[in-house]
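Each residue of the sequence shown is one higher than the one before, starting from 1 at the first, in full-length UniProt numbering.
Only one structure is covered here, and it is reproduced in the block below.
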Amino acid sequence: MLKIDKLKKQYKNFTLNCSMEVKEGMITGFVGPNGSGKSTTLKAVLGLIYIDGGDIQIFGKNVKDIKPEDKEQIGVVLSDSGFSRYLTVKDIKDILKNTYEAFDEQLFTNYIEKYQLPTDKKLEQFSVGMKAKLKLITAICHKAKLLILDEPTAGLDVMARNEMLDMLRDYMEEDEERSILVSSHISTDLETLCDNIYMINEGNIILHEETDRLLSNYAILKVDEEQSKTLDPQYIIKMKKESYGYACLTDQKQFYLENYPKIVVEKGTIDQIITLMIQGV
Ligand SMILES: Nc1ncnc2c1ncn2[C@@H]1O[C@H](COP(=O)(O)OP(=O)(O)OP(=O)(O)O)[C@@H](O)[C@H]1O
């Protein structure tokens, strides 16, 4: 569906060097700290910025060669893009109707009603949550095959986030050939939504893993100085000094549970895993 191979983008103090793949039928999460390169990657995929190297394929075609009809198959949410603040939902519906052949007016109207978005208020009067919902509705209502979503849940409360996640699940259930690439810094969203997750830091992909494996096989071993000397390091990915000794990230939880019954083995959250991947050695 989407393949990024050795994408390079150079800014003054930042180098992006990124490879990743979004497979058909999959929701792929993209997570990393502020300024790690998520938006830059997504903008490059959408052809919104000039790239310095690498290859991006969407629907099997180089991104430079994709045609307007291919673009119709991509739904987008970007943080710094959107409709003019003077437009209303009614205006936006008309624009979408005229832009996308496959625009599903009924689905659009159903979502607008479900989320109680006012149809004749200007966007400038919308709250952050209302704007975020509208952006996602506009991305999914033209029946695109691929959604590229940059922080679609940013600024939303828990209830609104869950509604957005449900919207994305419904979108996927409708057609098994669809895919989503979604960035978020709220890792619980990614845990419950994504099939696999890429972690990026300082422009480099530092981990790619299926979400199930992240949650079932990865763990954090908490060991004191003495225990750290006896610990078989073969499955330790990263170690970080802590007040009690060391936090050690492993992707072989079972091995340590079976062989080191005395050490504390904690199921790591995605946030803890990212932190150890970035700060550990
Ligand atoms: N147009 C630009 N000119 C110069 N530097 C830029 C430009 N756009 C982004 N950068 C830099 O590239 C780096 C990556 O930024 P990017 O927006 O991709 O990060 P991000 O992971 O999306 O961060 P956030 O989670 O804060 O949105 C940052 O250091 C940023 O300052």
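For each residue, glycine too, the CB sits at the ideal point set by N, CA and C.
These figures come from a predicted structure and were not determined experimentally.
Segment contact: the region 103–120 against the region 64–71, fewer than three CB-CB distances shorter than 8 Å; contact not assigned. With distances taken between CA atoms, Gly60 lies nearest to Gln73 out of Ile278, Cys141, Leu48 and Gln73. Under DSSP, Phe59 takes part in no beta bridge, so it has no partner. A check of alpha carbon separations from Ser243 across Gly203, Val223, Leu16 and Thr250 identifies Val223 as the nearest. The closest heavy atom of ligand 1 lies less than 7 Å from the beta carbon of Phe14. Shortest gap from the CB of His208 to any heavy atom of ligand 1: 7 Å or more. With a cut-off of 7 Å, the C-beta of Lys8 is classified as distant from ligand 1, since no heavy atom of the ligand falls inside that distance.
Taken through DSSP and simplified to helix, strand or coil, Gly75 comes out as strand. Classified as exposed, Lys64 has fewer than 16 neighbouring CB atoms from the shown chains inside 10 Å of its CB. In this structure Leu257 is exposed. Its beta-carbon is surrounded by fewer than 16 other beta-carbon atoms within 10 angstroms. For Ala219, the enclosing beta strand (DSSP E) has its first and last residue at Ala219 to Val223.
Phe14 is bridged by DSSP to Tyr11. At a cut-off of 4 residues, the continuous stretches assigned as alpha helix (DSSP H) that sit fully inside the region 138–208 are 158–174 and 187–193.
Around the CB of Leu48, fewer than 16 other CB atoms lie within 10 Å, so the residue is classed as exposed.
When C-beta atoms of the region 84–104 are compared with those of the region 140–147, three or more pairs fall below 8 Å, so the two segments count as touching.
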